[in-house]
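A.B. asks: Protein chains in written order, with this note's numbering: chain A, 162 to 627; chain B, 384 to 582. C-beta: ideal position from N, C-alpha, C; glycine also. Keep in mind that this is a model prediction, so the values were computed, not measured. Here it is, the structure, as structure tokens.
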Amino acid sequence: MQKTLFDKLWDQHVVDTVEGGTDVLYIDRHFIHEVTSPQAFAGLRKRGIGVARPQQTVATADHNVPTINQDQPIKEKLSRFQVDTLTQNCEEFGLELYGLGHPYQGIVHVIGPELGITRPGMTIVCGDSHTSTHGAFGCIAFGIGTSQVEQVLATQCLLQVRPKRMRITVDGTLPPGVVSKDIILYIISQLSASGGTGYFVEYAGSAIRNLSMEARMTICNMSIEMGARGGLIAPDATTFEYIKGREFAPSGKNWDDAMAYWQTLYTDEGATFDKEYVYRAEDIPPMVTYGTNPGMGIGVDQSIPAPASPSASFQKSLKYMGFEAGESLEGKPIDYVFIGSCTNSRMEDLRLVAEYVKGRRKADHVNVMVVPGSRQVRDQAKREGLDVIFREAGFDFREAGCSACLGMNEDKVPKGAYCVSTSNRNFEGRQGPGARTILASPLTAAATAISGHIIDVRTVLTPELV
Amino acid sequence: MEKFTTLTSTAVPLAIEDIDTDQIIPARFLKATTREGFGENLFRDWRYLPGDVPNPDFVLNDDTYRGQVLVAGKNFGMGSSREHAAWALFDYGFRVVISSFFADIFRGNALNNGLLPLQIDDDLLLRLQAAIKEDPELTLEVDLPQQTLTIPSLDEQVRFEVDPYKKMCMINGYDDIDFLRTKADVITAYETKRPVAVQ
Ligand code: SF4
Numbered sequence: 162m163q164k165t166l167f168d169k170l171w172d173q174h175v176v177d178t179v180e181g182g183t184d185v186l187y188i189d190r191h192f193i194h195e196v197t198s199p200q201a202f203a204g205l206r207k208r209g210i211g212v213a214r215p216q217q218t219v220a221t222a223d224h225n226v227p228t229i230n231q232d233q234p235i236k237e238k239l240s241r242f243q244v245d246t247l248t249q250n251c252e253e254f255g256l257e258l259y260g261l262g263h264p265y266q267g268i269v270h271v272i273g274p275e276l277g278i279t280r281p282g283m284t285i286v287c288g289d290s291h292t293s294t295h296g297a298f299g300c301i302a303f304g305i306g307t308s309q310v311e312q313v314l315a316t317q318c319l320l321q322v323r324p325k326r327m328r329i330t331v332d333g334t335l336p337p338g339v340v341s342k343d344i345i346l347y348i349i350s351q352l353s354a355s356g357g358t359g360y361f362v363e364y365a366g367s368a369i370r371n372l373s374m375e376a377r378m379t380i381c382n383m384s385i386e387m388g389a390r391g392g393l394i395a396p397d398a399t400t401f402e403y404i405k406g407r408e409f410a411p412s413g414k415n416w417d418d419a420m421a422y423w424q425t426l427y428t429d430e431g432a433t434f435d436k437e438y439v440y441r442a443e444d445i446p447p448m449v450t451y452g453t454n455p456g457m458g459i460g461v462d463q464s465i466p467a468p469a470s471p472s473a474s475f476q477k478s479l480k481y482m483g484f485e486a487g488e489s490l491e492g493k494p495i496d497y498v499f500i501g502s503c504t505n506s507r508m509e510d511l512r513l514v515a516e517y518v519k520g521r522r523k524a525d526h527v528n529v530m531v532v533p534g535s536r537q538v539r540d541q542a543k544r545e546g547l548d549v550i551f552r553e554a555g556f557d558f559r560e561a562g563c564s565a566c567l568g569m570n571e572d573k574v575p576k577g578a579y580c581v582s583t584s585n586r587n588f589e590g591r592q593g594p595g596a597r598t599i600l601a602s603p604l605t606a607a608a609t610a611i612s613g614h615i616i617d618v619r620t621v622l623t624p625e626l627v
Numbered sequence: 384m385e386k387f388t389t390l391t392s393t394a395v396p397l398a399i400e401d402i403d404t405d406q407i408i409p410a411r412f413l414k415a416t417t418r419e420g421f422g423e424n425l426f427r428d429w430r431y432l433p434g435d436v437p438n439p440d441f442v443l444n445d446d447t448y449r450g451q452v453l454v455a456g457k458n459f460g461m462g463s464s465r466e467h468a469a470w471a472l473f474d475y476g477f478r479v480v481i482s483s484f485f486a487d488i489f490r491g492n493a494l495n496n497g498l499l500p501l502q503i504d505d506d507l508l509l510r511l512q513a514a515i516k517e518d519p520e521l522t523l524e525v526d527l528p529q530q531t532l533t534i535p536s537l538d539e540q541v542r543f544e545v546d547p548y549k550k551m552c553m554i555n556g557y558d559d560i561d562f563l564r565t566k567a568d569v570i571t572a573y574e575t576k577r578p579v580a581v582q
């Protein structure tokens with residue numbers, strides 16, 4: 162029988178099936194961080210049990226960490242306590258920790274791939290919804306709650322009901338100025354913030370195939386923003402090339418064995434999906450969001466929809482953002498620009514931003530933060546001299562962490578201020594109480610930082626960027 | 384986990400659609416290392432005005448509405464995987480959340496914590512919200528073994544879906560770990576067959 166890639170991977174990991182169809186799913190890799198793990202460790206202690214397979218869990222500190230002076234103790238008491246608790250738990254239960262100060266520290270979804278821990282064919286979970294990022298390598302990766310973190314620590318398995326399958330195909334060639342972030346914002350604007358609920362998505366088509374691994378991660382990262390459990394892309398030469406030689410990648414005979422297995426990981430011709438959508442890359446503009454969920458997105462040159470009878474939620478959302486139905490966002494002055502988060506904080510993102518801003522300076526009234534996704538990204542950016550370009554542009558180039566993606570650390574956007582952000586969520590208060598978030602690509606964010614207002618990058622593209 | 388079988392209660396209406404987990408419990412309250420005390424900050428930014436003054440327009444500050452059932456708008460619980468959202472609702476005193484649609488991760492988290500996500504159709508949800516507004520004393524009867532929601536004053540009884548395994552867990556107060564630990568042998572046997580590529 163023809164199978165989808167998702168089903169091949171799922172079937173490979175079913176240990177047992179419980180009455181009612183719930184599967185006991187084996188988990189190959191488990192990532193943990195300081196925010197969603199302490200109660201899970203407390204649970205293990207209460208039960209008097211240890212971690213079942215300590216080598217299969219990797220920990221890092223990312224959500225709460227400051228992004229300056231990381232060599233000094235964390236100032237904020239509760240954050241420090243949470244990070245210290247993670248360190249103690251990892252020691253007590255014998256887990257590898259890439260904590261603050263470690264050369265591998267960074268946002269959990271950035272370090273897994275860059276270290277070669279994330280690989281095709283795996284099941285990967287983490288107490289964090291953007292675990293879907295890892296699906297870019299052709300694995301089943303999804304976010305879980307803290308009770309499930311405890312389950313995986315205790316048993317290396319999870320009880321799961323198999324989701325439905327959706328395929329989203331994007332064919333064609335992206336227009337100049339349009340990047341992978343625009344693809345996913347466009348898809349979510351078409352399907353809405355709940356259009357993927359109950360599904361696991363496979364992204365396919367020539368426009369997806371032509372993306373780099375980092376660009377694919379941006380797409381899979383935001384699968385959760387349409388409600389999907391996760392998203393994946395079949396592995397190919399681009400994937401294998403990316404993994405080869407990384408710290409924890411297999412080598413020698415193990416590499417050959419792995420390759421033989423990985424090459425079986427694709428959706429069979431004729432396999433069926435519960436739902437299919439097809440889009441043309443040529444139709445995708447640079448995108449911005451105007452509301453308070455990621456489904457409320459439009460092309461930067463389009464106007465905010467003006468429904469004849471707007472719902473209360475729609476009105477509430479526009480009121481929060483301070484926007485009017487029917488108006489355009491182009492030209493709106495901006496107070497903050499945030500370039501970072503597990504969606505867009507990798508080398509390619511920073512290179513793209515640097516290429517645009519090189520030799521230019523930010524608008525005086527804009528605060529610009531560039532926060533690398535990991536220590537390794539930061540070190541590499543410095544080797545390439547990007548830190549100098551950012552400094553000369555008036556950007557604040559910081560140390561690795563989740564930063565202003567969510568208001569848990571010191572990096573926040575003030576009440577009422579507008580922030581063009583390369584992160585993944587524009588929920589009310591996400592970047593700080595009262596903060597107004599406009600999601601966009603790193604390129605749109607960079608151009609906005611320079612001009613000081615929201616700008617259609619297509620109008621300012623230089624030949625090198627086309 | 385606390386057992387759940389049946390519940391008869393008045394309900395609190397919160398007719399907002401697309402309520403995300405950042406609204407249920409804002410990120411700045413996720414710094415705790417225990418499960419308790421989150422109820423205080425449930426819907427924090429809607430519940431309080433600047434200066435920690437209770438917002439008189441928010442339903443949790445309105446004494447007219449009380450009860451262990453939250454009747455929310457469509458598409459409840461999207462966003463982050465933070466289980467703190469389920470803990471906050473439970474800690475506040477809710478045992479059932481009714482909506483016409485739930486985000487997947489939230490649904491799972493709720494079920495793992497003795498909080499029943501009860502899905503009904505859009506039409507009934509709108510009627511129920513209107514009816515509670517009209518009569519705050521309206522009572523709901525939730526019967527998990529029978530999988531029914533009864534609203535006597537609307538003369539309605541509907542059946543709701545719940546995963547059979549999760550239902551068994553909630554009724555008995557078991558959790559997944561108790562169950563999975565009985566599978567240790569099967570898990571070890573599976574591990575001998577894992578492809579090298581994913582080890
Ligand atoms: S960068 Fe943002 S979305 Fe990503 S893991 Fe951190 S807080 Fe979550």
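Tell me, please, whether the CB atom of I570 (chain B) is closer than 9 Å to any CB atom in chain A?
C.D. replies: yes
A.B. asks: Using a Cβ-Cβ cut-off of less than 8 Å, give me the residues of the segment 336-358 of chain A that come near chain B, in sequence order.
C.D. replies: Taking 8 Å as the Cβ-Cβ cut-off against chain B, the residues of the segment 336-358 of chain A that qualify are A354, S355, T358.
A.B. asks: Taking DSSP's pairing of strands, which residues face P500 (chain B) in a bridge?
C.D. replies: B:V480
A.B. asks: Just to make sure I have the definition right: I need the residues of chain A whose C-beta is within less than 9 Å of the C-beta of A410 (chain B). Which are they?
C.D. replies: V196, H224, L567, G568, M569, G590, R591
A.B. asks: Is there a Cβ of chain B sitting closer than 9 Å to that of V362 (chain A), yes or no?
C.D. replies: no
A.B. asks: Residues of the segment 429-440 of chain B with a CB closer than 7 Å to any CB of chain A: list them in chain order, please.
C.D. replies: none
A.B. asks: Using the Cα positions of L565 (chain A) and D401 (chain B), report the straight-line distance between them to the nearest angstrom.
C.D. replies: Looking at the sequence shown, residue 565 (chain A) is not Leu but Ala. Between A565 (chain A) and D401 (chain B), the C-alpha separation is close to 23 Å.
A.B. asks: Do R407 (chain A) and I394 (chain A) have their C-beta atoms within less than 9 Å of each other?
C.D. replies: no
A.B. asks: What's the C-alpha gap between W423 (chain A) and W171 (chain A)?
C.D. replies: 15 Å
A.B. asks: In the segment 563-612 of chain A, which residue ranges form an unbroken beta strand (DSSP E) of at least 3 residues, counting only runs that do not cross its ends?
C.D. replies: 579-582, 597-600
A.B. asks: Just mark H526 (chain A) as buried or exposed, buried being the case when its beta carbon has 16 or more other beta carbons within 10 Å.
C.D. replies: Classification for H526 (chain A): exposed.
A.B. asks: Counting only Cβ pairs nearer than 9 Å, list the residues of chain A close to T417 (chain B).
C.D. replies: Identification of chain A residues near T417 (chain B) by a Cβ-Cβ cut-off of 9 Å yields P199, Q200, A203, ordered along the chain.
A.B. asks: Can you confirm whether C318 (chain A), when its beta carbon is compared against all beta carbons of chain B, has any partner nearer than 9 Å?
C.D. replies: yes
A.B. asks: Should the segment 252-272 of chain A be called in touch with the segment 358-367 of chain A, which here means at least 3 C-beta pairs below 8 Å?
C.D. replies: no
A.B. asks: Tell me where the beta strand (DSSP E) around H191 (chain A) begins and ends.
C.D. replies: Where H191 (chain A) is concerned, the enclosing beta strand (DSSP E) stretches over 190-193.
A.B. asks: Considering D177 (chain A), what are the terminal residues of the beta strand (DSSP E) in which it resides?
C.D. replies: 175-178
A.B. asks: Can you find the residues in the same chain that come closer than 6 Å, C-beta to C-beta, to L346 (chain A), ignoring five residues on each side of it along the sequence?
C.D. replies: M448, G458
A.B. asks: Given that a residue counts as buried once 16 or more other Cβ atoms are within 10 Å of its Cβ, and exposed if not, what is P199 (chain A)?
C.D. replies: buried
A.B. asks: Report the partner residues of E539 (chain B) according to the DSSP bridge assignment.
C.D. replies: B:I534
A.B. asks: What are the partner residues of D637 (chain A), as DSSP defines its beta bridges?
C.D. replies: The structure shown does not extend to residue 637 (chain A), since chain A spans only 162 to 627, so no value can be given for it.
A.B. asks: If you draw a straight line from the C-alpha of T279 (chain A) to the C-alpha of R190 (chain A), how long is it?
C.D. replies: 8 Å
A.B. asks: Check the Cβ-Cβ distances between Y548 (chain B) and every residue of chain A, and say whether any is below 9 Å.
C.D. replies: Yes, contact with chain A.
A.B. asks: Which runs of the beta strand (DSSP E) fall wholly inside the segment 406-446 of chain A and span at least 3 residues, in chain order?
C.D. replies: 436-441
A.B. asks: Output yes or no for whether 9 Å exceeds the beta carbon distance between E589 (chain A) and D428 (chain B).
C.D. replies: yes
A.B. asks: Kindly indicate which residue of B:S392, B:E385, B:K414, B:R490 has the alpha-carbon position closest to the one of V545 (chain B).
C.D. replies: B:R490
A.B. asks: If I measure Cβ to Cβ from P471 (chain A) and keep anything under 7 Å in the same chain, skipping five residues before and after, which residues do I get?
C.D. replies: A486
A.B. asks: According to DSSP, is G260 (chain A) helix, strand or coil?
C.D. replies: coil
A.B. asks: First and last residue of the alpha helix (DSSP H) that includes S474 (chain A)?
C.D. replies: It spans 473-482 - the alpha helix (DSSP H) in which S474 (chain A) sits, taken as one unbroken run.
A.B. asks: What is the DSSP secondary structure of M457 (chain A), counted as helix, strand or coil?
C.D. replies: The three-state reading of DSSP puts M457 (chain A) in coil, since its state is none of H, G, I, E or B.
A.B. asks: My guess is that A471 (chain B) and I399 (chain B) are in contact by the Cβ rule of under 8 Å, so how many angstroms apart are they, rounded?
C.D. replies: Beta-carbon to beta-carbon, A471 (chain B) and I399 (chain B) are separated by about 16 Å, too far to satisfy the 8 Å threshold.
A.B. asks: Given a limit of 8 Å on CB to CB distance, which residues of the segment 492-518 of chain B reach chain A?
C.D. replies: N492, N495, N496
A.B. asks: Can you pull the chain A residues whose beta carbon is under 9 Å from the beta carbon of D474 (chain B), in chain order?
C.D. replies: Simply none; closest approach about 13 Å.
A.B. asks: If you compare alpha carbons, which of A:D572, A:F298, A:F202, A:T358 is closest to I369 (chain A)?
C.D. replies: Among A:D572, A:F298, A:F202, A:T358, the Cα nearest to that of I369 (chain A) is on A:F298.
A.B. asks: Going along the segment 252-280 of chain A in order, which residues come within less than 9 Å of chain B, judged by CB to CB distance?
C.D. replies: R280
A.B. asks: Can you name the residues of chain A whose CB is closer than 7 Å to the CB of D401 (chain B)?
C.D. replies: A354, N454, S474
A.B. asks: Does the ligand ADP have a heavy atom nearer than 8 Å to the CB of H194 (chain A)?
C.D. replies: This structure lacks the ligand ADP; its bound ligands are the ligand SF4.
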